[in-house]
Amino acid sequence: MCVENTPPPSNRLTRRGVLAGAAALAGTSAVLAGTAPAASASSGARHGSPGRGGDLVVEGGRLLDPATGEVTEDAVVVIAGGVVRAAGPRGQVGRVPGGVPVLRAHGQWILPGLVDAHIHLNTAAEARDAVLKGATSARSGSTNFYQDIAVRELARQAPEQAPRLRAAGVFVTPDLGDTILADPDLAPLARLRDGVRSADALRRVVEVNLARGADTIKTRVNERAGLPEQDPLVQVYDHEQLSTIVAAARRRGKGVLCHSYSEKGCHDAVTAGIRSLEHGAFVGERTLHEMRRRGTYFTPTLTAIAGLAESSDPVLAERGRTYLPVLKRAVLAAHELGVPLAAGTDSSGGTVDPIGREVELMHAAGLSALDAIRTATTGAAKLLGFDSTAGRLARGFAGDVLVVDGDPLADLGVLSRPARVVRAGFAVPAAA
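When you line the sequence shown up against mature numbering (1 follows the signal peptide of the UniProt record, and there is no 0), it's residues -33 to -1, 1 to 399, in that order.
This is the structure we're talking about:
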């Protein structure tokens, strides 16, 4: 839960070599060099030049549009160059182009690929696993050495290998640990006695992130819940420090996502101007009203908190059992007030949780099945700025598709077990 510091890379990273260096860290060098194993020939998609999507027709299933809740029987989705060219009932789609691979979904349901708004992708294997488990778009919750920058490029060059990604770069946190080695421009911060706390130091980390190409900035207001020696209700940054981070990001047109737990921490983060509140177990009513007024998103990462309850560590297990019901009540209160919600698993440490599980937990918190699905489609897509690209299967949207063996409106569990996943028109194997 929230990325840990890991050993630094052996090669010195520079901005000039960011893609090559970060790609090596993420284990993507073989893919970018063209030496990785080719995609299965049975995938039914033809690979074009790097960055171009595939051509595919998905036909015969029931198509769910999360935006409207409409279900279309015997639907056809035509994807060309990775983009949806037509989607709807067979009789209205018109002539299907000849010679294009067909994925038959008779007796199944068709949905847009899901969006994981908080995930830590440190390797190419994790990126592939996220796609296989249904997350065709995502937002990084930070990495230690800019691996997410490389994963984002991998997704552009070989979309079937990684989700479309908003990268957050490195965590703006008081103790950078080995992340101090992620960029030479961070090295001057190593001698700060109190860590990254001054306005100049906070701006430095934000500016290095943006120079490396981060799409968003990740910071924290509280300590971590996933470490037994830390108290997640202890505040590490105050309102002024958070405002400094937000202002530095806004100067470049970027938003901030903020790790949070305590009510005061949540309130300070929201009033400082963050774009989305992450975790937020003890967020209170006054803060939720402020979030609604400002349009601040809530990404509760229920999956991660539920995972704590299953920990072998007694401190973490008790923390998870205590926090989960509180967080579920906060999610329902937010939804009823009209605070926008986004689904995120907070997967990290080599384990990728299916984003469908987060949708199930949103439903368990009190959302309808359709509203829960929206948190991982239209809602999360809007937060990430993908609202004209992801979250629906309509003309002009990305050809990212989930085919599931059952009615997701009756059983959300099917979202965690996709029968087939299509990423940018490339059909990939289903998750095991």
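Built from N, CA and C at the ideal position, the CB exists for glycine as well.
Residues that DSSP places opposite residue i in a beta bridge
i, result
"Ala365", "Val50"
"Asp152", "Note: Asp152 sits in no beta bridge, so no partner."
"Pro307", "Its beta-bridge partners do not exist; DSSP assigns none."
"Asp83", "Ala105"
"Pro56", "Ala42"
"Thr35", "DSSP, once it has assigned bridges, lists no residue as partnering Thr35."
"Ser315", "Thr318"
"Lys185", "Leu224"
Residues near residue i by beta carbon distance below 8 Å, same chain, minus five either side
i, result
"Pro56", "Thr39, Glu40, Asp41, Ala42, Val43"
"Gly11", "Caution applies to Gly11, whose pLDDT of 33 falls short of 50 and renders its modelled position unreliable; the value that the coordinates give is listed next. For Gly11, where only same-chain residues beyond five positions count, the Cβ hits under 8 Å are Leu23, Pro68, Val69, Leu70, Ala394."
"Glu327", "Ala339, Leu379, Gly380, Leu382, Ser383"
"Thr356", "Ser104, Arg131, Ala348, Phe364, Ala365"
"Asp198", "Glu190"
"Thr268", "Met(-33), His85, Glu245, His246, Gly311, Thr312, Asp313, Glu325"
"Val306", "Leu255, Met258, Arg259, Thr263, Tyr264, Phe265"
Span of the alpha helix (DSSP H) around residue i
i, result
"Ser210", "206 to 217"
"Leu23", "Here Leu23 belongs to no alpha helix (DSSP H); instead the beta strand (DSSP E) covers 23 to 26."
"Arg123", "114 to 124"
"Glu40", "Per DSSP, Glu40 belongs to no alpha helix (DSSP H) and is neither H nor E."
"Thr270", "269 to 276"
"Arg170", "166 to 178"
"Arg259", "252 to 261"
"Arg341", "336 to 342"
"Arg95", "91 to 99"
Outcome for residue i when other beta-carbon atoms lying within 10 angstroms are tallied against a minimum of 16
i, result
"Gln59", "exposed"
"Pro151", "exposed"
"Val63", "exposed"
"Val370", "buried"
"Val298", "buried"
"Gly21", "buried"
"Ser335", "exposed"
"Asp115", "buried"
"His73", "exposed"
"Leu304", "exposed"
"Arg387", "buried"
"Glu26", "buried"
"Leu(-9)", "Unreliable placement is indicated for Leu(-9), whose pLDDT of 38 sits below 50; no coordinate value is reported for it."
"Arg29", "buried"
"Gly274", "buried"
"Gly61", "exposed"
Beta strand (DSSP E) segment containing residue i, residue limits
i, result
"Thr266", "264 to 266"
"Ile77", "76 to 79"
"Glu245", "243 to 246"
"Ala394", "393 to 395"
"Leu224", "223 to 227"
"Arg390", "387 to 390"
"Leu70", "69 to 71"
"Pro132", "It should be pointed out that residue 132 corresponds to Leu in this sequence rather than to Pro. Unbroken beta strand (DSSP E) run through Leu132: 131 to 133."
Other residues of its chain near residue i: CB distance less than 6 Å, five sequence neighbours each side excluded
i, result
"Glu93", "Val319"
"Leu337", "Gly36"
"Ala102", "Leu81, Asp83, Pro130, Ile322"
"Ala215", "Arg170, Val173"
"Gly65", "none"
"Ser278", "Ala284"
"Met329", "Ala339, Thr342"
"Gly358", "Pro79, Thr344, Thr345, Ala348"
Same chain only: Cβ atoms within 7 Å of residue i, ignoring 5 sequence neighbours per side
i, result
"Leu156", "Leu143, Ile147, Val163, Ala168, Arg171"
"Arg341", "Pro33"
"Pro195", "Asp280, Val282, Leu283"
"Thr254", "Glu230, Cys233, His234, Val237"
"Val201", "Asn189, Glu190"
"Ser7", "In this prediction, Ser7 scores a pLDDT of 31, lower than 50, which makes its location untrustworthy; no coordinate-derived value is stated."
"Asn176", "Gly136, Val137, Ile184"
"Leu159", "Ala168"
"Gly346", "Pro307, Leu308, Ala309"
"Asp374", "Trp76"
"Ala276", "Ala284, Gly287, Arg288, Leu291"
Cβ-Cβ distance between residue i and residue j below 9 Å
i, j, result
"Gly366", "Val173", "no"
"Ile86", "Arg106", "yes"
"Lys185", "Val213", "no"
"Ala117", "Ser314", "no"
"Thr79", "Thr344", "The identity of residue 79 in the sequence shown is Pro, whereas the question assumes Thr. Taking 9 Å as the Cβ cut-off, Pro79 and Thr344 qualify as a contacting pair."
"Ala301", "Leu291", "no"
"Ser243", "Leu350", "yes"
"Pro126", "Arg390", "yes"
"Gly49", "Arg95", "no"
"Asn89", "Gly247", "no"
"Asp182", "Arg119", "yes"
"Ala332", "Arg296", "yes"
"Gly287", "Ile272", "yes"
"Cys225", "Arg187", "yes"
"Val293", "Phe249", "yes"
"Asn111", "Asp161", "no"
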